[in-house]
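Counting in UniProt numbering, the sequence shown runs from 1 upward without gaps. Notes follow the structure.
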Amino acid sequence: MSTIILGGGLLGHRLVCAGVRPCGAHDMHTDLTPRRWVDFAEIDNARDLGGLPVHGGGTTRFGVVYRSSTPQQLSVADLDRLLGPMRLRTLIDLRMPGESAREGHGLLAKSAVRLINLPISTPVHTGPQHLGSDARHDELLRLFGELLRGSAESVVAAARLIADARHHAVLFHCAAGKDRTGILAAVLLDAIGVPATDIAADYALTEHRLARIRTRLIALGSYPDLPPVRTGILAVLPATMRGFLADLRAVHGGAARWLRANGLTVTELTALREVMVACGHDPAAPHCAAGSPR
């Protein structure tokens, strides 16, 4: 185990399903949600980022990138699943360094998984815990923007790691697996061309696990003042994620351009698309150049 601490999509292209015909609305919205959830004994909010539609053809690839709430209390069986069928090599911890050190990584700390701390925080390190139970959509949206502004180095570093297949499979997490995790997921997915509605729907899935997440976090001791579920920082509003992505596109031209402006190279961005997107059999899709994985 090694630990390291570091301080727009593809639009307008033809969609092809099964390599033979244009995708229709039914194809683009096939519900793969049950397959995307990964159920563990002691990790409450884990899912695969595979199975999401991509502008230009194909879907996101299963078994490459996972998101979750904190895995620090994972069981032996959970660890066996991560190391065995899921082939986990890299865990990206989005918690603050002090938070990460205080809570730890449980059984993962003595495993062969590479642990990397890439904290996502606001520029002045005031986090979600400062939102009361009456926090509004506009306050959550503002928080999302501040988290991205304060975490460019971490987000770009995470994208760079994920773009390199030698680090796969990758799991990234924060505490609840909702906002910090949701922001990184949104940037990655928007950069490779997943529609905003699908990114927001993925974010909203956390609502199904909120009660379980809250119970676990309160028992840990680092999160004693969490509001009731679906209020304050425990609200899961798809509109907040849609607003965040709309702002990202309006101000920066989308996640791909934001990543490029903050240091990700064209080669790395291309690699990110190639490792995360299953091309199917459409060689005309923009991310399906000769030699890219299928």
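Each residue gets a CB set at the ideal place from its N, CA and C atoms; glycine is no exception. Just so it is clear, the structure is predicted and the values come from calculations on it, not from any experiment.
Report the option in the options whose CA atom is closest to the CA atom of residue i.
{"i": "Arg242", "options": "Phe172, Gly193 and Tyr203", "result": "Tyr203"}
{"i": "Arg87", "options": "Gly63, Leu74, Ala77 and Ser69", "result": "Gly63"}
{"i": "Thr70", "options": "Gly50, Thr59, Ile43 and Asn262", "result": "Ile43"}
{"i": "Pro179", "options": "Val251, Thr197, Leu189 and Leu237", "result": "Checking the displayed sequence, the identity of residue 179 turns out to be Asp instead of Pro. Considering only alpha carbons, the answer is Leu237."}
{"i": "residue 366", "options": "Val54, Val277, Thr215 and Arg142", "result": "Any question about residue 366 goes unanswered here, given that the chain covers just 1 to 294."}
{"i": "Ala196", "options": "Phe172, Glu103 and Thr240", "result": "Thr240"}
{"i": "Val194", "options": "Gln72, Glu103, Gly104 and Ala278", "result": "Ala278"}
{"i": "His252", "options": "Tyr223, Asp164, Val229 and Gly145", "result": "Gly145"}
Would you check if the distance between the CB atom of residue i and the CB atom of residue j is smaller than 7 Å?
{"i": "Leu147", "j": "Thr122", "result": "yes"}
{"i": "Leu115", "j": "Leu91", "result": "yes"}
{"i": "Ser75", "j": "Ile120", "result": "no"}
{"i": "Ala255", "j": "Ala211", "result": "no"}
{"i": "Ile162", "j": "Val156", "result": "no"}
{"i": "Cys174", "j": "Leu259", "result": "no"}
{"i": "Ile213", "j": "Asn45", "result": "yes"}
For residue i, count the other beta carbons within 10 Å of its own beta carbon; 16 or more makes it buried, fewer makes it exposed. Which is it?
{"i": "Asp225", "result": "exposed"}
{"i": "Ile218", "result": "exposed"}
{"i": "Asp138", "result": "exposed"}
{"i": "Lys110", "result": "exposed"}
{"i": "Ala101", "result": "exposed"}
{"i": "Thr33", "result": "exposed"}
{"i": "Asp78", "result": "buried"}
{"i": "Asp48", "result": "buried"}
{"i": "Ala112", "result": "exposed"}
{"i": "Arg273", "result": "buried"}
{"i": "Val266", "result": "exposed"}
{"i": "Arg166", "result": "exposed"}
{"i": "His55", "result": "buried"}
Which whole-angstrom value is the C-beta distance of residue i and residue j, which I expect to be below 8 Å?
{"i": "Phe244", "j": "Ala158", "result": "Contact doesn't hold; Cβ gap of about 17 Å is too wide."}
Item to check | Contained alpha helix (DSSP H) runs [length at least 4] in the UniProt domain "Tyrosine specific protein phosphatases" (153-212), N- to C-terminal order | outcome: Segments of the alpha helix (DSSP H) lying fully in the UniProt domain "Tyrosine specific protein phosphatases" (153-212): 179-192 and 196-204.
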